[in-house]
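This report refers to the structure that appears directly beneath it.
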Amino acid sequence: MRSKTELQEAIRRERRTVLVVNTRSRRGRRLYEVVRDRLADFQLLGTFPVERPGQLPGALASAIALGPDLLVAGGGDGTVSEAARHLAHRDIALGVLPLGTTNNFARALAVPPRPAGALGVLTAGAVADVDLGQAGDTIFANHANVGLSAQVGLRVPARLKRHIGKSAYPLTAVARLAWHRPFRARIVADGGEYEVVTHQLNVVNGRFQAGQAITRDATVDDRLLHVYPLGGELRRQLLSASLRQALAGHRRATAPPFLATDDLLLETDPPLPLDVDGEVHGRTPVRIRLLPNALRALVGPSFVDT
């Protein structure tokens, strides 16, 4: 493995790059053409427009096989998370073009939300080592959650996301809340045991969840996972917490997560499906652990590399 500085210099000098973009949406198709043209100064080894969900793993594998120094992934959190899984522990940097609704991992990397700013990071950004998480056998970039989100992620209407953005998630949660039952979660970590009754338990890598900051001091390279319930046992508590998360923004960042750890065992009663970066992967009980410095990524100028 090269040092961060060596990889950064190789990217700026040789610009050996591959481009993988989710083109299922009209915005993705339009920006794919724009980005490809804007990367004319790069040595593009291959470009991979992905039109169907099942094509993404194969496209990423083919892109990596070309031996780039930089893999640019354009899409939402699901696309970026899949790219991070493929690049974990590799000597290839991830460049992110945020094209999704919440763009949690792009926010964590201080990548600007607009294409022009994100492209600027590709040409002048620094390489940083950042953390990933692993839930069971599945590596994740942003979160591994249990509860209502496993239903919401599968059922939030695409049209609603296009029209109102990240607020579509809490609104869908509110619509499904009447049928959702609370569960008891038991977390074993750092020699202690913790129990909580809630409708939603989040395990987050970094500062952002649902497009909002969850706490002031969490970062994507702090070597910690942040575990917290969203509301309590009563439905109105989850409703209130979800609306605060959607509407309060950075003003909500005064309450820290109730547990910060790098390794935990999560059990729930009853056993529940696991929402891993927006897709269901496995069920509880599950071990969730941090993978420190597992990913190399291009970060924006405001990112503080620790």
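Numbering (UniProt numbering), first residue to last: 1 to 306. Here a beta-carbon is modelled for each residue, glycine too, at the ideal position from N, C-alpha and C.
Heavy atom of the ligand MN within 7 Å of residue i beta-carbon
{"i": "residue 293", "result": "The ligand MN is absent from the structure shown, which contains no ligands of any kind."}
Cα-Cα separation between residue i and residue j, rounded to whole angstroms
{"i": "residue 128", "j": "residue 297", "result": "6 Å"}
{"i": "residue 254", "j": "residue 144", "result": "Low per-residue confidence applies at residue 254: pLDDT is 43, beneath 50, and the placement is therefore not dependable enough to give any value."}
{"i": "residue 270", "j": "residue 183", "result": "7 Å"}
{"i": "residue 193", "j": "residue 223", "result": "21 Å"}
{"i": "residue 53", "j": "residue 22", "result": "8 Å"}
{"i": "residue 46", "j": "residue 37", "result": "13 Å"}
{"i": "residue 100", "j": "residue 50", "result": "14 Å"}
{"i": "residue 250", "j": "residue 283", "result": "Per-residue confidence for residue 250 stands at a pLDDT of 42, beneath the threshold of 50, marking its modelled position as unreliable; the derived number appears in the next sentence. Approximately 32 Å between the Cα atoms of the pair."}
{"i": "residue 309", "j": "residue 276", "result": "The structure shown has nothing for residue 309, since the chain only spans 1 to 306."}
{"i": "residue 30", "j": "residue 187", "result": "45 Å"}
{"i": "residue 185", "j": "residue 139", "result": "22 Å"}
{"i": "residue 2", "j": "residue 305", "result": "17 Å"}
{"i": "residue 133", "j": "residue 42", "result": "31 Å"}
{"i": "residue 164", "j": "residue 27", "result": "Here residue 164 scores only 47 on pLDDT, less than 50, and its place in the model should not be relied on; the value that follows carries that caveat. If I take the Cα positions, the gap works out to 15 Å."}
{"i": "residue 73", "j": "residue 303", "result": "19 Å"}
{"i": "residue 102", "j": "residue 17", "result": "26 Å"}
{"i": "residue 309", "j": "residue 79", "result": "Absent from the model: residue 309. The displayed extent of the chain is 1 to 306, so no value can be given."}
{"i": "residue 113", "j": "residue 61", "result": "26 Å"}
{"i": "residue 20", "j": "residue 63", "result": "8 Å"}
{"i": "residue 57", "j": "residue 97", "result": "18 Å"}
{"i": "residue 206", "j": "residue 48", "result": "28 Å"}
{"i": "residue 84", "j": "residue 212", "result": "21 Å"}
{"i": "residue 146", "j": "residue 59", "result": "29 Å"}
{"i": "residue 295", "j": "residue 109", "result": "12 Å"}
{"i": "residue 39", "j": "residue 118", "result": "12 Å"}
{"i": "residue 6", "j": "residue 107", "result": "25 Å"}
{"i": "residue 82", "j": "residue 24", "result": "16 Å"}
{"i": "residue 291", "j": "residue 301", "result": "24 Å"}
{"i": "residue 15", "j": "residue 77", "result": "25 Å"}
{"i": "residue 278", "j": "residue 111", "result": "20 Å"}
{"i": "residue 44", "j": "residue 272", "result": "43 Å"}
{"i": "residue 204", "j": "residue 68", "result": "29 Å"}
{"i": "residue 4", "j": "residue 208", "result": "24 Å"}
{"i": "residue 256", "j": "residue 210", "result": "Here residue 256 scores only 47 on pLDDT, less than 50, and its place in the model is too uncertain to base an answer on."}
Residue i: first and last residue of the uninterrupted beta strand (DSSP E) it sits in
{"i": "residue 292", "result": "286-299"}
{"i": "residue 135", "result": "126-135"}
{"i": "residue 183", "result": "183-189"}
{"i": "residue 267", "result": "263-269"}
{"i": "residue 78", "result": "Not the beta strand (DSSP E): residue 78 falls in the alpha helix (DSSP H), residues 77-87."}
{"i": "residue 140", "result": "138-140"}
{"i": "residue 275", "result": "273-276"}
{"i": "residue 192", "result": "192-198"}
{"i": "residue 304", "result": "Per DSSP, residue 304 belongs to no beta strand (DSSP E) and is neither H nor E."}
{"i": "residue 47", "result": "43-50"}
{"i": "residue 227", "result": "225-229"}
{"i": "residue 282", "result": "279-283"}
Inter-residue CB distance, residue i and residue j (contact presumed, cutoff 8 Å)
{"i": "residue 226", "j": "residue 215", "result": "7 Å"}
{"i": "residue 93", "j": "residue 66", "result": "In fact, because the Cβ distance is near 14 Å, the residues do not count as touching under 8 Å."}
{"i": "residue 217", "j": "residue 261", "result": "Contact doesn't hold; Cβ gap of about 15 Å is too wide."}
{"i": "residue 148", "j": "residue 199", "result": "5 Å"}
{"i": "residue 105", "j": "residue 141", "result": "5 Å"}
{"i": "residue 196", "j": "residue 229", "result": "5 Å"}
Proximity winner among the options, relative to residue i (alpha-carbon distances)
{"i": "residue 180", "options": "150, 205, 209", "result": "150"}
{"i": "residue 115", "options": "33, 48, 134, 142", "result": "33"}
{"i": "residue 121", "options": "95, 141, 108", "result": "95"}
{"i": "residue 285", "options": "137, 260, 57", "result": "137"}
{"i": "residue 293", "options": "15, 76, 131, 107", "result": "131"}
{"i": "residue 35", "options": "278, 274, 75", "result": "75"}
{"i": "residue 299", "options": "204, 201, 15, 221", "result": "221"}
{"i": "residue 274", "options": "210, 202, 4", "result": "202"}
Where the alpha helix (DSSP H) through residue i begins and ends
{"i": "residue 104", "result": "104-108"}
{"i": "residue 93", "result": "Run containing residue 93: none in the alpha helix (DSSP H); it sits in the beta strand (DSSP E), 93-98."}
{"i": "residue 8", "result": "4-14"}
{"i": "residue 56", "result": "56-65"}
Exercise for the section: State whether the segment 261-269 contacts the segment 88-104, with contact taken as three or more CB pairs (one from each stretch) at a distance under 8 Å. Expected result: No, the segment 261-269 does not touch the segment 88-104.
Practice task
Check whether the segment 117-132 touches the segment 1-12, taking contact to mean three or more Cβ pairs, one atom from each stretch, closer than 8 Å.
Solution key: Taking one beta carbon from each stretch, the segment 117-132 and the segment 1-12 have 3 or more pairs nearer than 8 Å; the two touch.
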